[in-house]
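Everything in the sequence shown is counted per this note's numbering, starting at 67 for the first residue and increasing by one.
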Amino acid sequence: MDLDQDDLGSAAKRGDWQQQGEEDAQGEEDARVQQECLQQFSTRDYIMEPSIFNTLMRYFKAGGSPEEVIRLLADNYTAAAQTVNLLAQWLIQTGVEPLQVQETVENHLKSLLMQQFDPRKADSIFAEGETPAWLEQMITHPTWRDLIYQLIEVHPDCLMLNFTVRLISDAGYQGEITGVAAACQQLQVFSRVLGTSLASLLDGGEDKLAENLPQFAKMVCHGEHTYLVAQALMSVLAQEGRQGWAVRRIAQEVQRFAQERGHDASRIPLALGTAASYPRLCQALGAMFSKGALNPADITVLFNLFTSVDPPPVELIRVPAFLDLFMESLFKPGARINPDHKHKYIYLLAYAVSVVETWKNNQRVTISQEGLRSTAKAVETAHNVCCAENKGASELLAELSTLYKCIRFPVVAMGVLKWVDWTLSKPSYFQLQPHHNPVHLVLLDEISTRHQLMHPQVLQLLVKLLEMRHAQLDAMEQLELKKTLLDRMVHLLSLGYMLPVVTYIRKCLEKQDTDISLIRHFVTEVLGMIAPPYTSDFVQLFLPILENNSIAGTIQAEGEQDPVTEFLAHCQSNFMLVD
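Have a look at this one:
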């Protein structure tokens, strides 16, 4: 009986010790929790944090003192947000527009966030596995969505930012996601952005395509996986969609973009299209695309295929990158072609641009080669004239009528345009020319007159020549040359390519990097050839040039027939002018 009582006593003591140990452990845990909470309460303006209520509950559950909490929160309350609101109210009361005040505050906050953003702290937000309510509210505002796009370009591996981009895409704002890192990190987001961007390019017309295509191509060429997905989608749309020709062009422009940046991306479109049914053709094209140059062996393979009874589809060689290689081989000064194979080069180029095929249910119904012979003859004639060695200006002038006849063919016009570009881009060309209006510039006028679709390329070449430094010429010679180039722009304007030309001159005036006498020359020439009625777009672009003090005051003539006064009077009578 005594032993049993001793055993019970020992058990009771062990229970007391165990209970005491548990109480001590709980006390240590409570002390640790209190200390963590007190550290948070000690940070500046912690009372404004969304987590304040959770921290208070955690602190009081651990036995914390309310007095200490009140003291810490009060001592560390600096009212930063309230101070900003007060200053904003003062600015509004002084007459500043509320929207301007809001933009100022938001832009400053964005700059602070860009400087102090810590991706590790941002990723810790998701430690509890729940999406913060404030984040879902944040993405409803364009300003903060733009901040997310900027941050992910700097921190592409941040999980919180990638998750937020996914939320933005799910909310229907994928059309805004144009940054490469934001669009390409997740396949689901990329697919949505790709579809939205492609639809925007197809619906926007030529101007929209030229403006947005570089950003679209940059996104698609982010990696091999994005390029493959995009080209696969565009290949299907090109064959089945109603705007297949437009999709095919976009795919080709993306391929050109990739090649210009040193990527050999030509085999993917070949594998996706109908070229896979012609392995010899794929091998020959792939080899030339990879090297960026044509070679007689592969050209012979293609020549044999396209002179056969059942040639491959012409669209397989109707690729801009492939046609550019022909232009370089046939029209670039100094290019060498084996005479035994030259007719094959000319035949393939002419075949690509002149043969017409009709298809029905993926079967070729007809193939028309009606214009093949005349196109090949024009290409050969222009090639012989342009690439003849030791031909001076007088000999070229004698061949001018022949070139005019050949330029009627668009492919020849493009070849001559590139030949003029390569020729005039040589630093010593204008130094050796006795005339300020060489034959090559006359050819540009003929190309502009014959082919409206080449106006952008002609203007691009004229801008390039106008902005080139001609150190070998004296000041007066340079001025005369630039006036001649401006006359070519005026000719473009007279043919209907009005807005791009005037837009460029307007930029020259705004940048103040062009001799003002040249702009006066341009304005004088334009006023001498235009007559009402004028479009509002033209007036909005041209009128500020004319109203510039250094322009109007020096070309305004005395008398009733002053073109400056007449133009200004017409604008005041027919347009609502905004000062």
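Where is the CB? At the ideal position from N, CA and C, for every residue including glycine.
(1) If we count the other Cβ atoms within 10 Å of its Cβ and call it buried at 16 or more, is V644 buried or exposed?
(2) Can you grab the Cα-Cα spacing for the pair V692 / D581, in whole Å?
(3) So, are the CB atoms of I571 and I611 less than 8 Å apart?
(4) Rounded to the nearest angstrom, what separates H557 and L584 at their Cα positions?
(5) Helix or strand or just coil, what does DSSP make of K176?
(6) Which of the three DSSP states, helix, strand or coil, is assigned to S434?
(7) Where does V644 fall in DSSP's three states?
(8) Between A154 and the rest of its own chain, which residues show a CB-CB distance below 7 Å, the 5 nearest in sequence each way excluded?
(9) Please state the DSSP three-state secondary structure of E319.
(10) Going straight from the alpha carbon of W425 to that of V431, what length do you get?
(11) Whether or not the stretch 436-454 and the stretch 471-480 are in contact is what I'm after, with contact meaning three or more pairs of Cβ atoms, one per stretch, closer than 8 Å; do they touch?
(12) If you drop the 5 nearest sequence neighbours on each side, which residues of the same chain put their C-beta closer than 8 Å to that of L371?
(13) Tell me which same chain residues have a C-beta within less than 7 Å of the C-beta of L509, skipping the five on either side of it?
(14) Grouping DSSP H, G and I as helix and E and B as strand, with all else coil, what is K443?
(15) If I'm right that S301 touches A317 with Cβ under 8 Å, what's the distance once you round it to whole angstroms?
(16) Rounded to whole angstroms, what's the CA-CA distance from F633 to M564? Just pull it up for me.
(17) Taking the straight line between their C-alpha atoms, what separation do you get for T295 and D579?
(18) Short of 7 Å in beta carbon distance, which residues of its chain neighbour R652, apart from the five on each side in sequence? Order them along the chain.
(19) Assign T160 to one of three DSSP states: helix, strand, or coil.
(20) Under a three-way DSSP split, which group does T424 fall into?
(21) Could you tell me whether the Cβ atoms of M393 and K530 are closer together than 8 Å?
(22) In its own chain, which residues sit with a C-beta less than 7 Å from the C-beta of L490, not counting the 5 before and 5 after it?
(23) Can you tell which of D111, M520, D628, V99 has the C-alpha that lies nearest to the C-alpha of T121?
(24) Leaving out five residues before and five after L225 in sequence, what residues of the same chain have Cβ atoms less than 6 Å from its Cβ?
(25) So is T657 buried or exposed if we call it buried at 16+ other beta carbons inside 10 Å?
(26) Evaluate S117 with the Cβ neighbour count: other Cβ atoms within 10 Å of its Cβ, from every protein chain shown; 16 or more gives buried, anything less gives exposed.
(27) Can you check whether the CB of W488 is closer than 8 Å to the CB of K408?
(28) How big is the Cα-Cα spacing for P164 and V630?
(29) Closest to K187 by C-alpha separation, out of E202, H221, G310, would be which residue?
(30) Sort L279, Y112, N404 by Cα distance to A363 and report the nearest one.
(31) To the nearest angstrom, how far is it from the Cα of N142 to the Cα of L275?
(32) Given a cut-off of 8 Å on the beta-carbon distance, is the pair G66 and R333 in contact?
(33) If you draw a straight line from the C-alpha of L382 to the C-alpha of V568, how long is it?
(34) Classify G328: buried if its beta carbon has 16 or more other beta carbons within 10 angstroms, exposed otherwise.
(35) Express the C-alpha separation of E319 and A265 in angstroms, rounding to a whole number.
(36) May I have the straight-line CA-CA distance separating F641 from P599, to the nearest angstrom?
On the basis of the coordinates in this document:
(1) At V644, the pLDDT of 49 sits below 50, so the modelled position is not reliable; the number obtained from the coordinates is stated separately. The residue in question, V644, is exposed, as its Cβ has fewer than 16 Cβ neighbours within 10 Å.
(2) Since the first residue shown for the chain is 67 and the last is 645, residue 692 is missing from the structure and cannot be characterised.
(3) yes
(4) 16 Å
(5) helix
(6) strand
(7) Model confidence at V644 stands at a pLDDT of 49, short of 50, so the residue's coordinates are unreliable; what they give is reported in the following sentence. Coil, per DSSP.
(8) V167, V171
(9) helix
(10) 5 Å
(11) yes
(12) Y344, R346, L347, P377, P378
(13) L469, V482, V486
(14) helix
(15) 7 Å
(16) 17 Å
(17) Here residue 295 turns out to be Val, not Thr, going by the sequence shown. In a straight line, the C-alpha of V295 is about 44 Å away from that of D579.
(18) Here the chain has residues from 67 to 645 only, and residue 652 is not among them.
(19) coil
(20) strand
(21) no
(22) H506, L531
(23) V99
(24) D189
(25) As shown, the chain starts at 67 and ends at 645. That puts residue 657 outside it, with no answer to give.
(26) exposed
(27) no
(28) 42 Å
(29) H221
(30) N404
(31) 55 Å
(32) This structure leaves residue 66 out entirely; the chain is present only between 67 and 645.
(33) 39 Å
(34) exposed
(35) 16 Å
(36) 11 Å
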